[in-house]
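For any residue, its number in my numbering is found by taking its place in the sequence shown, counting from 1, and adding 120. Input: a single structure, listed below in structure tokens.
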Amino acid sequence: MYGLVKIFFPGKATDQSTSSPTFIGDSSLLKDPQDSVLVSAGSHYQISKLGEFFLGGHYRDVWAVPVKAKVFDMDKAQGGLSIEKLGGGMQTTSLTLVDSSGRRFALRSLDKDPISVLPPFWRKTFVGSFVRDQISATNPYAALVVAPLAEAAGVFHPSPELVFVLPADQDFKEYSNLFGSKLFLMEEKFTTKTSLTKKFGAATDLVSSEEMLKRRFQSSRHRIDQWAFARARLLDLLISDWDRHEGQWDWAVYAQENEYWYKPVPKDRDQALCLYDDGLIPWLATRKFAARKFESFHPSFKDVFGLTINAAFLDARALSEVSLVDFRRFAREMQFDLSDSVLRAAVKRMPPPVYKLIGEETFQKLRSRRRLLVQTAEDYYKILAKEVAVVGSDEPERFVVQRLSQGRTVVEVYKLKKGNVNGEKVYSRTFFAVETENINLYGLKGDDIFEVRGTASKGSFVRIYGGVGKDQVSDKSSLEGWRKKTVVIDDAQGVQVQAGSGTETKLSETIQQVPSFVRVRQR
Numbered sequence: 121m122y123g124l125v126k127i128f129f130p131g132k133a134t135d136q137s138t139s140s141p142t143f144i145g146d147s148s149l150l151k152d153p154q155d156s157v158l159v160s161a162g163s164h165y166q167i168s169k170l171g172e173f174f175l176g177g178h179y180r181d182v183w184a185v186p187v188k189a190k191v192f193d194m195d196k197a198q199g200g201l202s203i204e205k206l207g208g209g210m211q212t213t214s215l216t217l218v219d220s221s222g223r224r225f226a227l228r229s230l231d232k233d234p235i236s237v238l239p240p241f242w243r244k245t246f247v248g249s250f251v252r253d254q255i256s257a258t259n260p261y262a263a264l265v266v267a268p269l270a271e272a273a274g275v276f277h278p279s280p281e282l283v284f285v286l287p288a289d290q291d292f293k294e295y296s297n298l299f300g301s302k303l304f305l306m307e308e309k310f311t312t313k314t315s316l317t318k319k320f321g322a323a324t325d326l327v328s329s330e331e332m333l334k335r336r337f338q339s340s341r342h343r344i345d346q347w348a349f350a351r352a353r354l355l356d357l358l359i360s361d362w363d364r365h366e367g368q369w370d371w372a373v374y375a376q377e378n379e380y381w382y383k384p385v386p387k388d389r390d391q392a393l394c395l396y397d398d399g400l401i402p403w404l405a406t407r408k409f410a411a412r413k414f415e416s417f418h419p420s421f422k423d424v425f426g427l428t429i430n431a432a433f434l435d436a437r438a439l440s441e442v443s444l445v446d447f448r449r450f451a452r453e454m455q456f457d458l459s460d461s462v463l464r465a466a467v468k469r470m471p472p473p474v475y476k477l478i479g480e481e482t483f484q485k486l487r488s489r490r491r492l493l494v495q496t497a498e499d500y501y502k503i504l505a506k507e508v509a510v511v512g513s514d515e516p517e518r519f520v521v522q523r524l525s526q527g528r529t530v531v532e533v534y535k536l537k538k539g540n541v542n543g544e545k546v547y548s549r550t551f552f553a554v555e556t557e558n559i560n561l562y563g564l565k566g567d568d569i570f571e572v573r574g575t576a577s578k579g580s581f582v583r584i585y586g587g588v589g590k591d592q593v594s595d596k597s598s599l600e601g602w603r604k605k606t607v608v609i610d611d612a613q614g615v616q617v618q619a620g621s622g623t624e625t626k627l628s629e630t631i632q633q634v635p636s637f638v639r640v641r642q643r
């Protein structure tokens, strides 16, 4: 029964107790196609009450209720579209479509098949059945709610539209069997220059996270708008969207004087508003000792750390300069921007039958989470602050570390001009020992200078990774206690060290490579 979709045409009986729904494969659907149909996205997720006790009630009623969806017409949508390529990750069926101007659109299935995440041995066992069933924990219409929330919060976003593809639609050619008789969200893909609509202002390009990080590490002229990313991540927390790995973002590029700034463009809201832990087995599976990242959408934040696990790679590289004051301010601004009227309007973007089922509950949860957003932002900051990476680039830079009273450590990074003269400051942040245990400095490939100075009673560990190039390290700092808290990690031939009383050197005889932290991860 996996993938079965019930279809009801307007004008015919729609009372589920008396009507005879038309199922996939009925050729009558092709004789008189309508502008819209009533479609049940996932009646196959309906199970007994006993089954719900063990597997969870989740959003099964939402998947089963018929909703009105526009019939997709490839020749009319967006002035006419053509197929560019088959896409999708390990779960989603999707197509990339393109219009006459080169703008790209994604047609992404509401229903998923996550079976490919399992090793082949488990796919035909009860484990495979369980994993497939847990798609019912996702809200298939969540992306419709997120768009107006993002708009109000000043976060870039696509605007998805709910559509239905008729069985054996010939416009889909060899993909007709794969896409026919299914509900999809269609939204613009913000991936290339052709996708730069007016909302992006003076942006000159759109690039992937992989390309953005590659450019960022090559030159300090490429800067991440970390504050815009912090706002976007707070929205993720509000809607309990835990699956925000680097593949879930594109980046708009803005030229500003002699620099290029990258602003985040989130995509793929499959896990927003999800509800995993209301059955015995998924409750056990999502505990902190198990699959902790599958955090659920509740009135309160049960586990902020769990919400950050999938995003840890990108968070560490794109939030290192954002302070606690910044996070608090952004949270308060978001509380103001996401008023009750905004939340209500967003929730009403769900199809009316779905709103009738869960609209008020979703609204009240969002209100409750909004009220807790400042405290949640503080918790998020503390997670990020435990260990922070300050990354230079392949160009020469000067890293200046000052140890101050009350456990404060100020880190600044400057571009280096000829003669080792300081150029523009490209990084600045004050760290506190009670929050941050480790500050890791990465020089990458340039001939970099690291200076550590100041006297204090306590402070964070400062680990210096010189990287490739001829580096200079000078440690004139002093901290109380026996522990050496300035640690130099480089190759013996690539660094000159003026050690102080608190310096520990870890020099190797092999040439240092680019540290794994700054390598761009390919998923």
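Backbone N, C-alpha and C fix where the C-beta goes; we use that ideal spot for every residue, glycine too.
When you compare only the Cα positions, how much space is there between residue i and residue j?
{"i": "P186", "j": "V157", "result": "9 angstroms"}
{"i": "A451", "j": "S360", "result": "15 angstroms"}
{"i": "R228", "j": "T213", "result": "6 angstroms"}
{"i": "T630", "j": "R407", "result": "43 angstroms"}
{"i": "D325", "j": "Y374", "result": "8 angstroms"}
{"i": "V521", "j": "V572", "result": "5 angstroms"}
{"i": "R343", "j": "F192", "result": "40 angstroms"}
{"i": "T625", "j": "S598", "result": "16 angstroms"}
{"i": "V474", "j": "Q338", "result": "48 angstroms"}
{"i": "S202", "j": "K188", "result": "25 angstroms"}
{"i": "A322", "j": "P240", "result": "48 angstroms"}
{"i": "L492", "j": "R448", "result": "11 angstroms"}
{"i": "Y165", "j": "Y547", "result": "51 angstroms"}
{"i": "A262", "j": "T550", "result": "38 angstroms"}
{"i": "L627", "j": "L264", "result": "54 angstroms"}
{"i": "V582", "j": "T606", "result": "5 angstroms"}
{"i": "R341", "j": "V327", "result": "16 angstroms"}
{"i": "E204", "j": "F292", "result": "11 angstroms"}
{"i": "L230", "j": "V283", "result": "10 angstroms"}
{"i": "I269", "j": "L395", "result": "The question names Ile, but residue 269 in the sequence shown is Leu. When rounded, the distance between both Cα atoms is 19 angstroms."}
{"i": "D195", "j": "F173", "result": "46 angstroms"}
{"i": "D370", "j": "S168", "result": "42 angstroms"}
{"i": "Y534", "j": "V424", "result": "34 angstroms"}
{"i": "Q368", "j": "Y500", "result": "19 angstroms"}
{"i": "S315", "j": "L477", "result": "36 angstroms"}
DSSP three-state call for residue i: helix, strand or coil?
{"i": "E629", "result": "coil"}
{"i": "H342", "result": "strand"}
{"i": "P186", "result": "strand"}
{"i": "S168", "result": "coil"}
{"i": "V588", "result": "coil"}
{"i": "W362", "result": "coil"}
{"i": "L393", "result": "coil"}
{"i": "E480", "result": "helix"}
{"i": "K538", "result": "helix"}
{"i": "V554", "result": "coil"}
{"i": "W602", "result": "coil"}
{"i": "P386", "result": "strand"}
{"i": "S459", "result": "coil"}
{"i": "F519", "result": "strand"}
{"i": "S548", "result": "strand"}
{"i": "L624", "result": "Note on residue identity: the sequence assigns Glu, not Leu, to residue 624. E624 falls in the strand class under three-state DSSP."}
{"i": "S147", "result": "Caution applies to S147, whose pLDDT of 32 falls short of 50 and renders its modelled position unreliable; the value that the coordinates give is listed next. In the structure shown, S147 sits in a helix (DSSP, three-state: H, G or I)."}
{"i": "L175", "result": "helix"}
{"i": "S163", "result": "helix"}
{"i": "D195", "result": "coil"}
{"i": "Q613", "result": "helix"}
{"i": "D181", "result": "helix"}
Measure how close the beta-carbons of residue i and residue j come, nearest whole angstrom, since I'm counting them as under 8 angstroms.
{"i": "L333", "j": "R243", "result": "Wrong, their Cβ atoms sit about 34 angstroms apart, outside the cutoff."}
{"i": "G622", "j": "D595", "result": "7 angstroms"}
{"i": "L357", "j": "L427", "result": "6 angstroms"}
{"i": "A505", "j": "L354", "result": "At roughly 16 angstroms, the Cβ-Cβ gap does not stay under 8 angstroms, so A505 and L354 are not in contact."}
{"i": "Q616", "j": "Q592", "result": "5 angstroms"}
{"i": "F421", "j": "R528", "result": "Actually they are not in contact, since the Cβ atoms of F421 and R528 sit about 29 angstroms apart, beyond 8 angstroms."}
{"i": "A553", "j": "L439", "result": "Between L439 and A553 the Cβ distance is about 20 angstroms, and since that is not below 8 angstroms, they are no contact."}
{"i": "P386", "j": "F299", "result": "About 25 angstroms; that fails the 8 angstroms criterion."}
Quiz item: Do the region 212-224 and the region 307-325 touch if we need at least three Cβ pairs shorter than 8 angstroms?
Solution: yes
Quiz item: Considering only residues of the region 410-445, which uninterrupted alpha helix (DSSP H) runs meet the minimum length of 4 residues and lie entirely inside it, listed in chain order?
Solution: 424-428 and 432-438
Quiz item: With a cut-off of 8 angstroms, do at least 3 Cβ pairs link the region 433-440 to the region 456-468?
Solution: no
Quiz item: Do the region 508-518 and the region 196-210 make contact, defined as three or more Cβ pairs closer than 8 angstroms?
Solution: no
Quiz item: Of all the beta strand (DSSP E) runs that stay within the bounds of the region 214-273, which reach a length of 3 or more residues?
Solution: 214-218 and 224-229
Quiz item: Is it a yes or a no for the region 577-591 touching the region 552-566, going by three-plus beta-carbon pairs under 8 angstroms?
Solution: yes
Quiz item: Which residue spans inside the region 265-335 form an unbroken beta strand (DSSP E) run of at least 3?
Solution: 281-285, 302-309 and 325-328
Practice problem: Take every Cβ of the region 412-431, pair it with every Cβ of the region 380-398, and state whether three or more of those distances are shorter than 8 angstroms. | Solution: yes
Quiz item: Taking three-plus beta-carbon pairs below 8 angstroms as touching, is the region 245-253 in contact with the region 344-352?
Solution: no
Quiz item: What residue ranges within the region 465-513 form continuous alpha helix (DSSP H) runs of no fewer than 4 residues, ordered along the chain?
Solution: 472-491 and 493-505
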